[in-house]
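Take a look at the structure set out below.
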Amino acid sequence: MNRTLHLRTLVALAITLGSLAARADVTAEWAAIAASSAQEARQSPQAAARSLRTVREAIAKAAAAARNGSPGSTAERHDAAVAVAAFAVLEHLYPDQREGLEAQLAVSFSRIPENAAKADGAAIGRMVTNEMLVAGRR
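Under our numbering, the residues of the sequence shown are numbered 96 to 233, in order.
Dropping the structure here:
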């Protein structure tokens with residue numbers, strides 16, 4: 096009986112740690128998606144570097160804006176903001192890859208619980224990207 100309890104505790108801990116790791120990795124996930132998108136577009140090294148800098152800037156601005164939002168559910172707000180900002184910049188840079196990028200966004204969003212923080216984060220990501228694109232940062 097004691098062994099069963101320990102096993103259940105370990106399984107619960109593994110599930111919890113796995114979901115926390117998934118949240119912590121949204122930035123790395125979208126950075127990898129950006130690198131893959133640049134490679135698929137067969138950009139020159141200089142153009143790819145500019146594109147990746149733009150994505151990193153959008154991610155950083157979205158993460159900062161999500162931290163400064165209303166209290167509570169900051170992980171969900173952060174993840175949604177980062178995913179949407181990275182997606183929107185990549186969609187702008189690589190419109191021919193839209194379908195694949197939408198699929199990646201759907202995967203990211205499937206890991207975030209449906210709540211107000213998720214919607215708030217998505218709005219933050221769109222706002223950050225719109226500000227960057229209007230300012231002419233590509």
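For glycine and all other residues, C-beta sits at the position ideal for the given N, C-alpha and C.
Note that the structure is a prediction, hence the values are computed from the model and not measured.
Look at the segment 165–215 and you find these whole runs of alpha helix (DSSP H), each 4 residues long or longer: 169–188 and 193–205. For A133, the enclosing alpha helix (DSSP H) stretches over residues V121 to E135. Between A181 and I128, the CB-CB gap stays under 9 Å. Comparing C-alpha distances from V184 to each of A142, P140, S146 and S203 shows the shortest one belongs to S146. Selection D174, A144 and S139 evaluated against W125 yields D174 as nearest (Cα-Cα).
Pairwise C-beta distances place the segment 199–208 out of contact with the segment 157–164, as fewer than three of them are shorter than 8 Å. Taking the Cβ atoms as the reference, I207 lies roughly 12 Å from A161, outside the contact range of under 8 Å. Around the C-beta of R193, fewer than 16 other C-beta atoms lie within 10 Å, and the residue is accordingly described as exposed.
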